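Peer 1: Its first residue numbered 1, the sequence shown is counted upward by one per residue in the UniProt record's numbering.
Note that the Cβ used here is the ideal one computed from N, Cα and C, for glycine as well.
From a predicted model like this one, the values you see are computed outputs, not experimental measurements.
What follows is a structure written as structure tokens; I'll ask about it next.
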Amino acid sequence: MWLAAAAPSLARRLLFLGPPPPPLLLLLLSRSRRRRLHSLGLAAMPEKRPFERLPADVSPINYSLCLKPDLLDFTFEGKLEAAAQVRQATNQIVMNCADIDIITASYAPEGDEGKSCFSF
């Protein structure tokens, strides 16, 4: 068993107590640490976006989310299926997704055999 600790004076190294971890774990730890330092302010922070929510006439009922993470690149692929109740006719529903690239999106009204599909 080993423990890792870092203090401000040890910003560029890790202190291990006990036997060292396997080399692969060390590689992942050091990669993770570099990215964590980068995300803590070494890079410019993006501009804060305004808070938005769904309109009062649209209520989510169920979500189904499937993610496939890539732990080396800190990215993921995924699929989201969301069911919502729309109480008043509308021509658009905005689904917010910060910093996510959408490849395809589709819409299928309840009881309708047709399905609209959009590619980006």
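Taking 7 Å as the limit between beta carbons, can you name the residues of its chain near residue 87, skipping five residues before and five after?
Peer 2: Your numbering for residue 87 matches position 87 in the sequence shown. If we look at residue 87 and ignore the five residues flanking it on each side, its Cβ neighbours are 57.
Peer 1: Suppose you measure from the CA of residue 50 to the CA of residue 80; what does that come to, to the nearest Å?
Peer 2: Locating residue 50 in the sequence shown gives position 50, where the first residue counts as 1. Locating residue 80 in the sequence shown gives position 80, where the first residue counts as 1. The straight-line gap from Cα to Cα measures roughly 23 Å.
Peer 1: Got a sec? Which residues, its chain only, sit under 7 Å from residue 28 by beta carbon, not counting five neighbours each side?
Peer 2: Reading the sequence shown from its first residue, position 28 is the one you call residue 28. Note that residue 28 scores a pLDDT of 37, beneath 50, so its modelled location is shaky and nothing firm can be said.
Peer 1: Cα separation between residue 104 and residue 48?
Peer 2: Stepping through the sequence shown from its first residue, residue 104 is reached at position 104. Stepping through the sequence shown from its first residue, residue 48 is reached at position 48. Near 26 Å, if we compare the C-alpha coordinates of residue 48 and residue 104.
Peer 1: Secondary structure at residue 48, three-state DSSP: helix, strand or coil?
Peer 2: Here residue 48 refers to the residue found at position 48 of the sequence shown. Residue 48 falls in the coil class under three-state DSSP.
Peer 1: Can you name, in chain order, every residue of its own chain whose Cβ lies under 7 Å from the Cβ of residue 66, other than the five neighbours on each side?
Peer 2: Position 66 of the sequence shown holds residue 66. Result list for residue 66: 78, 79, in chain order.
Peer 1: Using beta-carbon positions only, say whether residue 55 and residue 82 come within less than 8 Å of one another.
Peer 2: As a position in the sequence shown, residue 55 is number 55, starting the count at 1. As a position in the sequence shown, residue 82 is number 82, starting the count at 1. Their beta carbons are not under 8 Å apart, which means residue 55 does not touch residue 82 by this criterion.
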